[in-house]
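Participant:
Number of protein chains: 4
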Amino acid sequence: MGEFIEFESDEDADRSKLVYTFGGVEPVLSIRPGTVIRATTLDAFGGVLNSIDKLPSQVCDSRYLNPQTGPFFLEGAELGDTLAVHFIQIEPRYKWGVSASIPFFGGLTSTPETAMLQEALPEMTWIYELDKVNRLVRYEARESKFGLDLPMDPMHGTVGVAPPLREVRSSLAPGCWGGNMDTPEMRVGATCYLGVNVEGALLSFGDGHARQSEGETCGVAVECAMDSVIVVDLIKHMQTPWPRLETDEYLMTTGSSKPMEDAFRVAHVEMVRWMSELLEISTMDAYQLVTQTVLTPVANACDKAYTVVCKMPKAFLKNVVAMKGMHEKLKKTTW
Amino acid sequence: MGEFIEFESDEDADRSKLVYTFGGVEPVLSIRPGTVIRATTLDAFGGVLNSIDKLPSQVCDSRYLNPQTGPFFLEGAELGDTLAVHFIQIEPRYKWGVSASIPFFGGLTSTPETAMLQEALPEMTWIYELDKVNRLVRYEARESKFGLDLPMDPMHGTVGVAPPLREVRSSLAPGCWGGNMDTPEMRVGATCYLGVNVEGALLSFGDGHARQSEGETCGVAVECAMDSVIVVDLIKHMQTPWPRLETDEYLMTTGSSKPMEDAFRVAHVEMVRWMSELLEISTMDAYQLVTQTVLTPVANACDKAYTVVCKMPKAFLKNVVAMKGMHEKLKKTTW
Amino acid sequence: MGEFIEFESDEDADRSKLVYTFGGVEPVLSIRPGTVIRATTLDAFGGVLNSIDKLPSQVCDSRYLNPQTGPFFLEGAELGDTLAVHFIQIEPRYKWGVSASIPFFGGLTSTPETAMLQEALPEMTWIYELDKVNRLVRYEARESKFGLDLPMDPMHGTVGVAPPLREVRSSLAPGCWGGNMDTPEMRVGATCYLGVNVEGALLSFGDGHARQSEGETCGVAVECAMDSVIVVDLIKHMQTPWPRLETDEYLMTTGSSKPMEDAFRVAHVEMVRWMSELLEISTMDAYQLVTQTVLTPVANACDKAYTVVCKMPKAFLKNVVAMKGMHEKLKKTTW
Amino acid sequence: MGEFIEFESDEDADRSKLVYTFGGVEPVLSIRPGTVIRATTLDAFGGVLNSIDKLPSQVCDSRYLNPQTGPFFLEGAELGDTLAVHFIQIEPRYKWGVSASIPFFGGLTSTPETAMLQEALPEMTWIYELDKVNRLVRYEARESKFGLDLPMDPMHGTVGVAPPLREVRSSLAPGCWGGNMDTPEMRVGATCYLGVNVEGALLSFGDGHARQSEGETCGVAVECAMDSVIVVDLIKHMQTPWPRLETDEYLMTTGSSKPMEDAFRVAHVEMVRWMSELLEISTMDAYQLVTQTVLTPVANACDKAYTVVCKMPKAFLKNVVAMKGMHEKLKKTTW
């Protein structure tokens, strides 16, 4: 059993002091492999969008979106290693979540880079009641009387390490360092593998969602502050060029790029190479196997890069041990 | 109970006489709404790729790929109506299926339009044994000793009607007329809705797969001839701009375009508008609801256009009747 | 000197009788290689949008956009040959041209495939006075007092043959058969080379523009009916996979696809292969040469596929004869 | 006349000490608006690729590509201002330039993000002799006897400031901060306008090319060290969301994104808004004007984002003063 650390985000902190990037920030803590961290994360709006009477453009500052918890310096982590983070708990901190339509942001609107001359969609805020006992998320329409209870399915939209090539990237962007991938697969029970680019890796995470669709269509899920528990570990001498996930049911690869077919291509080339290695079959045989077996949900279609996930059912991979058995090890973590 | 018609594809026919397009071909039969058709479909290679010792480039002619069964003229179908086709049976006709790596075709290679200067990937053929009793599909690696039993999950990759604007489109392309969408959702129990563009709609289908991944990575699923039973019906005065599917569990929209984000956008705009109409909520409220609820698998990432599917769980839509109840009606078809 | 034929489009014809596709239409004339054709072409709106007080949505029918003149059956043309068409004259027929903002059409708006939830841009019509003596095109702002004289630079936006694979394509789409490429390079003095896909090739052309930008930003150039003179010839046993152009100054390749980088890739792979062949250098040496020499204007960023042109200055290619000297031959045509 | 400063890059420096990012680096100098800087820049390989017998993979380190000269802290520059840099001299420092085919890098190959399973293209190096007297660049084929003299047309591929949102970006990427746009328009006589994101703006530049095509097809132009002279100035209280250029002949906007149509969209939306403002016409009238007037060359189709340039001929804009007359002012700089 590893060390146990508690780390609470300061919700009343000066917003300019929070962490909004991967890379470029001093670590808040140094941890050893195997450490369990209980940490709070702020919601993507830093808590300021908390009523249907507030609009993002009124209360948010584009410099202060998607604050992250961390970064944590993982002792011993070096370029060429892989960090593993397993999600033990992701629990909404409060009884509400929030979503919004933000001008020129989202999957079904023009944006600053998919630039058009049309007017923005109307700005609007939705508050969701979170019923933690019955695990429900309550949708209420804003412009008519209509409501719906949806299953709670908490996850972290943003998990990542410092990027390569000395880059510092906004927590709004996903990429090979992880970041804002916004996949609902990042729920309790999942292990996320991230290639280490700098000494200490510098893990951060945040952007909790009580639930979201595949694609996070309008760009804003049911955003909420989280009480999360993670365990962080290190796989020495194993490179992971793009983030991977593992659950009891699936091995998963991800790609984040534009156009979306490039995200697809990255995730599937990674899966082909991974299957080739794990099953000791040729690249062409692995390409063929992947063609008949994987599931391929879109993760986000709204961020600075799009993320596509490729999922291989472990049911097809009897007796195969991936990532040196790290997932099996971490799921047994006690704290 | 509707009329019952049997229609057998001639496997020994002159290949040049088969149907390789949507539109541009005389109907083989005229049917009334409600007609049940038992039909055979040829595999995408017209049956000529039937051994690992044959290569696509040796036995296939690019003019004769993906032959379709049909077209069927649906009496009473006019521009502005919607054709519904429900899949009652999709059963592999033989005990084998085939896949292949085809030069400059597929999702992880350059192609004639994603043109590059690199050499083609190696050409190779895989034969799958189909165990119809135990519903298994047998993968065997070509370049090492490795095999795997996969669940049989038969489907039709290509289902469509004549396109709009007098166009005639190759059965290799998907679009608003349906066509080569290659989604595994087109299995038994699904109802597919297609907007009618010309008198009689001119439904064709084919491209049976014993199974495939989401994305059909290398471009070739486990291709096989099928014995299928469909029932075809007509919804008058209802436009369906892009193909939709319905099962007992999901309402689904599709988009087929490039880049892949455009396929995503089409499918999700269609779903937002559909939810707005069915639930009598505003467009913005529907956009918000879709953002928290849908599943979004990639269907194909290898064809002339990519296809993305958007799936709304019916569990969230109590008492909602879509497409005038056509799916409920057709699933009760007896024959 | 070839045969001389006059062919006048009937401006008062029933619109439904005009030609709106490449392929799928019976030829209007059979011609021999070397034939000079004087032909009129209608504007892209068939002449019905002729006042700032009319809007496209009021006077146009989406089925009747971009009528073409032709198709001409070129005797002796077979699959594997190349048709050459040289533009001797492209002269606006009347003293006006027209442009418009059309809802959900154009390069800076969402469209049916780049689908978004935003409202359409305002619909509006601009009439341009054409001063044929001084070769000027008169822009007048609609919403303020501002005018500008632009140089007349007449061209045909749409030139093509019947597509391969039995397809019939709308005159709104460009592709390997040519079609709606909308490049300003298609002006007097240019020779366009098109691969032959069906017996007789079936050349059509139209969509005259008094001028346009590179990209045809809003999707509608200064549209006008034209009096044009072309000479059509045949290069036997030479394949041209994608349309090429030649002028006294440039050899040009084109690519039409989405996303736009695919159009770029096609045009540049074609140019690399062409240079490799003409200069008898390796593919890698040709790739290197192209990297330091070509000009690459966007042709259209608004149609069903985007078109990118790659231009190699002939000044760098002393003594090189391309396409069997066809351009040199055709520019000497007398009539 | 402004201050004059000389700044020489140390070609023998420890490579790890050079500057490879925009943002994230301490300024080397603080300058006042109007300062003339004579500076040397290293080539994109830091000088180590200097023979056809060397290959990039042997002598280059991916962490040390495209070193920049700077950053220069511009006194008084704040968020909301625009930095202007005018190129007075860009002169190749040595008598040679270099290009190369780099595995999985370039416009006509798969890359780490346009990921495919194909083998890399052959790696190869080309050395160009630079004839500074006759202003010629000498291409020599590697795999056959063929050579060609091309006009020298020196330019800087990379010019930029620190990015917004606290990001630090590799000098291999272009974006709204400028960076690796690789447009041949960045030649002597051009003024480049860059929006200021951080105090002092932090201008850097480098990546000299003796010449390149539009698109920089293989990703490597005729790379060379440069002796350059620039003058840097400041426009207070004027935002420039995306880099602009101005010459005596053109006003230019740029967009850098993926897919390439997004780069097109950004550049053209910027041009429409700029014309609307300069000519005092409505957005729709400006959209229409741009549609008939601009030139649109691709700048790069090989970098982390693609760059498209939109050029408005000043001949159409009589008496219009753009960017507060800064270009006219800077072109008169003496030193």
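Residue numbers (our numbering), protein chains in the order written: chain A, 1 to 335; chain B, 1001 to 1335; chain C, 2001 to 2335; chain D, 3001 to 3335. Built from N, CA and C at the ideal position, the CB exists for glycine as well. Bear in mind that the values here come from a model prediction, so they are computed numbers and not experimental data.
Does the beta carbon of I3281(D) sit closer than 7 Å to a beta carbon anywhere in chain C?
Facilitator: Walking along the fourth sequence from the start, residue 3281(D) turns up at place 281. Taking Cβ atoms only, chain C reaches closer than 7 Å to I3281(D), which makes this a yes.
Participant: Are the C-beta atoms of L1055(B) and some chain D residue less than 7 Å apart?
Facilitator: In the second sequence, residue 1055(B) corresponds to position 55, counting from 1. No, L1055(B) does not count as interfacial toward chain D.
Participant: Report yes or no: do three or more beta-carbon pairs, one from the stretch 2300 to 2312 of chain C and one from the stretch 3003 to 3019 of chain D, lie closer than 8 Å?
Facilitator: No, they do not touch.
Participant: Could you spell out where the alpha helix (DSSP H) holding D285(A) opens and where it closes?
Facilitator: Taking the first sequence and counting its residues from 1, the one referred to as residue 285(A) is at position 285. Segment T283 to T293, the alpha helix (DSSP H) holding D285(A).
Participant: Distance cutoff 7 Å, beta carbons only. Does M3121(D) sit that close to anything in chain B?
Facilitator: By one-based count along the fourth sequence, residue 3121(D) stands at place 121. One point to set straight first is that residue 3121(D) is Leu, not Met, in the sequence displayed. Chain B contact via Cβ: present.
Participant: Have a look at V2019(C) and G2070(C) and give me their C-alpha separation to the nearest angstrom.
Facilitator: Along the third sequence, one-based indexing puts residue 2019(C) at 19. Along the third sequence, one-based indexing puts residue 2070(C) at 70. Computed Cα separation, rounded: 7 Å.
Participant: Helix, strand or coil for M1152(B)? Go by DSSP, reduced to three states.
Facilitator: Residue 1152(B) sits at position 152 when you count from the first residue of the second sequence. Three-state DSSP puts M1152(B) in coil, outside helix and strand.
Participant: List the whole-angstrom C-beta distance separating G2175(C) from S2256(C), where the pair is believed to meet the contact cut-off of C-beta under 8 Å.
Facilitator: As a first step, residue 2175(C) must be located in the third sequence, where it is residue number 175. As a first step, residue 2256(C) must be located in the third sequence, where it is residue number 256. Indeed they touch by this definition, with Cβ atoms about 5 Å apart.
Participant: I'd like the ranges of any beta strand (DSSP E) spanning at least 3 consecutive residues and lying wholly in the stretch 235 to 318 of chain A.
Facilitator: The qualifying runs are 244 to 246, 250 to 257, 298 to 300 and 306 to 313.
Participant: Am I right that M1260(B) and R2265(C) are in contact with their C-beta atoms under 8 Å? What's the rounded C-beta distance?
Facilitator: Numbered from 1 along the second sequence, position 260 holds the residue referred to as residue 1260(B). Numbered from 1 along the third sequence, position 265 holds the residue referred to as residue 2265(C). At roughly 16 Å, the Cβ-Cβ gap does not stay under 8 Å, so M1260(B) and R2265(C) are not in contact.
Participant: Which runs of the beta strand (DSSP E) fall wholly inside the stretch 2003 to 2076 of chain C and span at least 3 residues, in chain order?
Facilitator: Listed in chain order, they are 2004 to 2007, 2029 to 2031, 2035 to 2041 and 2068 to 2074.
Participant: Say whether chain B places a C-beta atom closer than 7 Å to the C-beta of K2318(C).
Facilitator: Here residue 2318(C) refers to the residue found at position 318 when the third sequence is read from its first residue. Judged by the 7 Å Cβ criterion, K2318(C) is not in contact with chain B.
Participant: If you follow the alpha helix (DSSP H) that E3328(D) is in, where does it begin and where does it stop?
Facilitator: Translated into positions along the fourth sequence, residue 3328(D) becomes position 328. Looking at the DSSP string, the run of the alpha helix (DSSP H) that includes E3328(D) is M3326 to L3330.
Participant: With a threshold of 7 Å between beta-carbons, can G3046(D) be considered close to chain C, or not?
Facilitator: Against the fourth sequence, residue 3046(D) aligns to sequence position 46. Chain C, which has no Cβ nearer than 7 Å to the Cβ of G3046(D), makes this no.
Participant: Considering just the uninterrupted stretch of the beta strand (DSSP E) at C2192(C), what are its terminal residues?
Facilitator: Counting from one through the third sequence, the residue named residue 2192(C) turns up at place 192. It spans T2191 to G2195 - the beta strand (DSSP E) in which C2192(C) sits, taken as one unbroken run.
Participant: Output needed for G3106(D): all residues of its chain with C-beta closer than 6 Å, excluding positions within five of it in sequence on either side, in chain order.
Facilitator: Reading the fourth sequence from its first residue, position 106 is the one you call residue 3106(D). For G3106(D), where only same-chain residues beyond five positions count, the Cβ hits under 6 Å are C3218, G3219 and C3302.
Participant: Identify the contact partners of E3277(D) in chain A, using a Cβ-Cβ distance below 7 Å as the criterion.
Facilitator: The sequence position of residue 3277(D) within the fourth sequence is 277, counting from 1. Per Cβ cutoff of 7 Å: no residues; E3277(D) is ~14 Å from chain A at best.
Participant: Candidates G47(A), A84(A) and E214(A): which alpha carbon is nearest L234(A)'s?
Facilitator: Your numbering for residue 234(A) matches position 234 in the first sequence. Ranking the options by Cα distance to L234(A), first place goes to A84(A).
Participant: Are the CB atoms of V294(A) and V272(A) nearer to each other than 7 Å?
Facilitator: For this step, residue 294(A) is matched to residue 294 along the first sequence. For this step, residue 272(A) is matched to residue 272 along the first sequence. Not closer than 7 Å, so no.
Participant: Is M1186(B) helix, strand or coil when you go by DSSP?
Facilitator: To locate residue 1186(B), count along the second sequence from 1; it is residue 186. Coil at M1186(B), not helix or strand.
Participant: Just curious, the beta strand (DSSP E) that L1136(B) is in, first and last residue?
Facilitator: Within the second sequence, the letter at position 136 stands for residue 1136(B). Residues L1136 to E1140.
Participant: Is the CB of T1109(B) under 7 Å away from at least one CB in chain D?
Facilitator: Translated into positions along the second sequence, residue 1109(B) becomes position 109. Yes, T1109(B) counts as interfacial toward chain D.
Participant: With a threshold of 7 Å between beta carbons, is S144(A) in contact with chain B?
Facilitator: Residue 144(A) sits at position 144 when you count from the first residue of the first sequence. Closer than 7 Å to some Cβ of chain B, the Cβ of S144(A) qualifies, so yes.
Participant: Can you give me the start and stop residues for the beta strand (DSSP E) that S1103(B) sits inside?
Facilitator: Counted from its first residue, the second sequence places residue 1103(B) at position 103. Strictly speaking, residue 1103(B) in this sequence is Pro, with Ser absent from that position. Counting along the chain, P1103(B) falls outside any beta strand (DSSP E), and DSSP gives it neither H nor E.
Participant: Taking the Cβ atom as the reference point for each residue, do L3194(D) and P3243(D) lie within a distance shorter than 7 Å?
Facilitator: Mapped onto the fourth sequence, residue 3194(D) falls at position 194. Mapped onto the fourth sequence, residue 3243(D) falls at position 243. Cβ distance < 7 Å, so L3194(D) and P3243(D) count as in contact.
Participant: Have a look at G1215(B) and T3111(D) and give me their C-alpha separation to the nearest angstrom.
Facilitator: Along the second sequence, one-based indexing puts residue 1215(B) at 215. Along the fourth sequence, one-based indexing puts residue 3111(D) at 111. If you take the alpha carbons of G1215(B) and T3111(D), they lie about 20 Å apart.
Participant: Are the CB atoms of D1227(B) and R1093(B) nearer to each other than 7 Å?
Facilitator: Residue 1227(B) sits at position 227 when you count from the first residue of the second sequence. Residue 1093(B) sits at position 93 when you count from the first residue of the second sequence. Taking 7 Å as the Cβ cut-off, D1227(B) and R1093(B) qualify as a contacting pair.
Participant: Tell me which residues of the stretch 1253 to 1268 of chain B have at least one Cβ-Cβ distance to chain A shorter than 7 Å, keeping chain order.
Facilitator: If the cut-off is 7 Å between Cβ atoms, the stretch 1253 to 1268 of chain B has P1259, M1260, E1261, F1264, R1265 and H1268 near chain A.
Participant: Beta carbons nearer than 7 Å to chain C: which residues of the stretch 1164 to 1186 of chain B have them?
Facilitator: Per Cβ criterion, the list reads L1165, R1166, E1167, V1168, R1169 and S1170.
Participant: What residues of chain B sit near S9(A), judged by a beta carbon separation below 8 Å?
Facilitator: The residue you call residue 9(A) lines up with position 9 of the first sequence. Within chain B, no residue comes near S9(A); the closest Cβ sits about 24 Å away, beyond 8 Å.
Participant: How would you label N1319(B), buried or exposed, when you count the other beta carbons within 10 angstroms and need 16 or more for buried?
Facilitator: Counted from its first residue, the second sequence places residue 1319(B) at position 319. Result: exposed.
Participant: If you draw a straight line from the C-alpha of W3126(D) to the C-alpha of A3044(D), how long is it?
Facilitator: Counting from one through the fourth sequence, the residue named residue 3126(D) turns up at place 126. Counting from one through the fourth sequence, the residue named residue 3044(D) turns up at place 44. If you take the alpha carbons of W3126(D) and A3044(D), they lie about 14 Å apart.
Participant: So with CB distances below 7 Å, who are the chain D contacts of M1124(B)?
Facilitator: Your numbering for residue 1124(B) matches position 124 in the second sequence. Neighbours of M1124(B) on chain D: none; closest Cβ ~12 Å, over 7 Å.
Participant: Cβ of R2138(C) less than 7 Å from any chain D Cβ?
Facilitator: Taking the third sequence and counting its residues from 1, one reaches residue 2138(C) at position 138. No, R2138(C) lies away from the interface with chain D (no Cβ there is under 7 Å from its Cβ).
Participant: Counting C-beta neighbours from all protein chains within 10 Å, is the total for H3209(D) 16 or more, i.e. buried, or is it exposed?
Facilitator: The residue labelled residue 3209(D) in the question sits at position 209 within the fourth sequence. Buried, since its Cβ has 16 or more Cβ neighbours within 10 Å.
Participant: Please list the residues of the stretch 3085 to 3113 of chain D that have a C-beta atom closer than 7 Å to any C-beta atom in chain A, keeping them in chain order.
Facilitator: Listed by position, the residues of the stretch 3085 to 3113 of chain D near chain A (Cβ gap below 7 Å) are E3113.
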